[in-house]
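*Asks:* For the sequence shown, full-length UniProt numbering gives the first residue as 1, with consecutive numbering after it.
Can you keep this structure in mind? I'll have questions shortly.
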Amino acid sequence: VWTRCICVLCSHEILTGRLVEQSPPYFMVRPEVSQSVTCTLKNPTYTWMSWYRQDAQGHLHFLVQSGTKGDQEKIIQEGTSYRSERISSTELRLEMQNVIQSQTIYCTCSKGTVRD
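Written as structure tokens, this is what we have:
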């Protein structure tokens with residue numbers, strides 16, 4: 001099962017440079033092994049950070065959004081378990097377990113919530 005992590009840049013990417021970075025940038029996960037990825041915010045004016053996943057068919061699915069250090073959330077989508085934790089004001093971690101299909105994980109940042 002392939003899982004790719006791709007750093008998605010916010011709308012000012014061309015003018016201001018990269019606003020988020022992911023580590024590791026890509027990896028392969030076996031279903032019985034957990035894997036985590038960390039997104040680091042490079043511009044503190046974008047306080048909200050989010051995770052999305054794109055399935056093998058190309059559909060984009062919202063996972064979680066976080067604006068405050070200490071935020072934690074568990075999500076299960078299509079058999080895969082995700083646990084998100086805001087480690088600091090600039091770091092958001094996502095742990096995946098029981099990955100059963102290929103997917104691409106995206107990190108984004110914004111100045112407001114996805115509902116704004």
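Positions of the beta carbon are idealized from the N, C-alpha and C atoms, including for glycine.
#1: Could you spell out where the beta strand (DSSP E) holding Lys74 opens and where it closes?
#2: What would DSSP say about Leu92, mapped onto helix, strand or coil?
#3: Between the C-alpha atoms of Gln72 and Ile100, what's the straight-line distance to the nearest angstrom?
#4: Looking only at its own chain, which residues have a Cβ that is under 7 Å from the Cβ of Lys42, when we skip the five neighbours before and after it?
#5: Could you say which of Met96, Thr113 and Arg83 lies nearest to Arg30 if we only look at CA atoms?
#6: Just grab the DSSP bridge partners of Val20 for me.
#7: Quick check on Gln57: buried or exposed, where buried means 16 or more other Cβ atoms within 10 Å of its Cβ?
#8: Is DSSP giving Ile6 helix, strand or coil here?
#9: Please report the distance separating the alpha-carbon of Ile76 from that of Tyr82.
#10: Ends of the beta strand (DSSP E) at Thr108?
#11: What number of angstroms, rounded off, separates the C-alpha of Ser50 from the C-alpha of Gln65?
#12: Look at the Cβ atom of residue 117, then the Cβ atom of Val33, and state whether they are nearer than 8 Å.
*Replies:* Reading from the atomic positions:
#1: Residues Gln72 to Gln77.
#2: Three-state DSSP puts Leu92 in a strand.
#3: Their backbone Cα atoms lie some 23 Å apart in a straight line.
#4: Within the same chain, Lys42 has close Cβ partners Arg18, Leu19, Val20 and Glu21.
#5: For the residues Met96, Thr113 and Arg83, the minimum Cα distance to Arg30 belongs to Met96.
#6: Answer is Leu41, bridged to Val20.
#7: For Gln57, the number of other beta carbons within 10 angstroms of its own is below 16, and it is reported as exposed.
#8: At Ile6 the pLDDT is 44, less than 50, meaning the model places this residue with poor confidence; the figure from the coordinates comes in the next sentence. Strand, per DSSP.
#9: Cα to Cα, the separation comes out at about 6 Å.
#10: Unbroken beta strand (DSSP E) run through Thr108: Gln103 to Ser110.
#11: Looking at the two C-alpha atoms, the distance is approximately 4 Å.
#12: With the chain covering 1 to 116 only, the question about residue 117 has no answer from this structure.
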